[in-house]
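Student: What follows is a structure written as structure tokens; I'll ask about it next.
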Amino acid sequence: MRHSAADRIIGLYSEKAAGWIEDRAPVLGQGGGTGLDEAGWLARFMACLPPGARVLDVGCGSGWPVAAALLEHGFRVTGVDPVPGLLDHAAQTLPAGEWIAGDMRTLDLGRTFDGVLAWFSLFHLTPEDQRIALPRILAHVVPGGVIMFPTGSAEGVQIGRWRGEPLYHGSLGPQEYRAILNGNGFVEIGDATDQRPPGLVWLARRV
Numbered sequence: 022m023r024h025s026a027a028d029r030i031i032g033l034y035s036e037k038a039a040g041w042i043e044d045r046a047p048v049l050g051q052g053g054g055t056g057l058d059e060a061g062w063l064a065r066f067m068a069c070l071p072p073g074a075r076v077l078d079v080g081c082g083s084g085w086p087v088a089a090a091l092l093e094h095g096f097r098v099t100g101v102d103p104v105p106g107l108l109d110h111a112a113q114t115l116p117a118g119e120w121i122a123g124d125m126r127t128l129d130l131g132r133t134f135d136g137v138l139a140w141f142s143l144f145h146l147t148p149e150d151q152r153i154a155l156p157r158i159l160a161h162v163v164p165g166g167v168i169m170f171p172t173g174s175a176e177g178v179q180i181g182r183w184r185g186e187p188l189y190h191g192s193l194g195p196q197e198y199r200a201i202l203n204g205n206g207f208v209e210i211g212d213a214t215d216q217r218p219p220g221l222v223w224l225a226r227r228v
């Protein structure tokens with residue numbers, strides 16, 4: 022079922038790109054607003070990668086702080102986002118990265134990466150669109166590579182507020198996420214998946 026706030030996401034971030042750059046602090050764990058240990062999770066993700074690994078950041082936004090941290094640790098980063106103003110900021114401030122305009126629902130870069138992130142991005146899609154986008158994202162992970170993304174803890178929709186407008190968040194249920202991962206050749210890494218509210222974090226390896 023479509024929701025007007027979901028259809029508004031790209032337009033909202035496009036119109037308020039400068040506001041997002043201001044609100045999303047350049048330091049990990051500040052400005053994410055989800056209650057997750059952002060720095061801790063990114064450290065777990067990086068620990069799964071070889072030195073100098075190729076990383077795809079899906080929904081990279083302005084590049085700060087996640088892609089910036091990856092670049093600082095010597096990884097080769099490609100960021101994809103549908104918002105021109107955010108990509109422009111990434112290209113200007115993080116010239117070592119590669120920045121590509123694209124929508125995760127139609128993602129097809131024709132290459133694979135050692136690690137793929139969809140950090141604070143996949144959950145802006147409806148459950149229906151996530152069923153389309155997630156397999157496309159997973160297809161960009163090399164055998165032996167890893168994927169990490171946060172979700173809600175149950176299937177449903179939540180509408181928050183940001184800069185005076187509704188902000189859409191959608192989620193599938195944990196069993197469906199696990200089925201999509203397993204069906205595309207991924208297994209969760211140990212007990213790394215965080216099953217605590219307010220949401221889950223999925224960290225899985227392609228086998």
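Counting in this note's numbering, the sequence shown runs from 22 upward without gaps.
Think of the CB as a built atom: it goes at the ideal place given N, C-alpha and C, for glycine as much as any other residue.
Keep in mind it's a predicted model, so treat the numbers as computed, not measured.
(1) What's the C-alpha gap between Gly131 and Ser174?
(2) For Thr172, write down the residues that DSSP places opposite it in a beta bridge.
(3) Below 7 Å CB to CB, which residues in the same chain sit around Gly52 once its five sequence neighbours on both sides are set aside?
(4) How many Å lie between Phe96 and Gln196 at the Cα?
(5) Would you check if there are 3 or more beta carbon pairs closer than 8 Å linking the stretch 78-96 to the stretch 172-191?
(6) CA-CA distance, Gly106 and Arg157?
(7) In the structure shown, what three-state DSSP assignment does Pro103 receive?
(8) When you compare only the Cα positions, how much space is there between Ser35 and Leu128?
(9) Taking the alpha-carbon positions, what's the Val208 to Ala225 distance?
(10) Excluding the 5 residues preceding and the 5 following Glu186 in the sequence, name in chain order all residues of the same chain whose CB lies nearer than 7 Å to its CB.
(11) Please confirm whether Gly131 has its beta-carbon closer than 8 Å to some beta-carbon of chain D.
(12) Counting only runs of 4+ residues fully inside the stretch 28-58, write out the alpha helix (DSSP H) ranges in chain order.
(13) Give the DSSP-derived three-state secondary structure of Leu187 in the structure shown.
(14) Using 8 Å as the cut-off, can you tell me whether the stretch 78-88 makes contact with the stretch 134-148, which would need three or more C-beta pairs spanning the two stretches below that distance?
(15) Tell me the rounded alpha-carbon separation between Ala74 and Val104.
(16) What does Ile201 pair with, by DSSP beta-bridge criteria?
Tutor: Quick answer:
(1) 32 Å
(2) Leu221
(3) Here the model assigns Gly52 a pLDDT of 48, short of 50, so the residue's position is not dependable, and the following value carries that caveat. Around Gly52: Asp44, Arg45 and Ala46.
(4) 32 Å
(5) no
(6) 24 Å
(7) Coil at Pro103, not helix or strand.
(8) 19 Å
(9) 5 Å
(10) The beta carbon of Glu186 is closer than 7 Å to those of Leu33 in its chain, skipping five residues each way along the sequence.
(11) Given the protein chain composition of this structure (a single chain), no chain D is represented.
(12) 30-36 and 38-44
(13) Strictly speaking, residue 187 in this sequence is Pro, with Leu absent from that position. Strand, per DSSP.
(14) yes
(15) 25 Å
(16) Looking at the DSSP assignment, Ile201 forms no beta bridge with any residue, so it has no partner.
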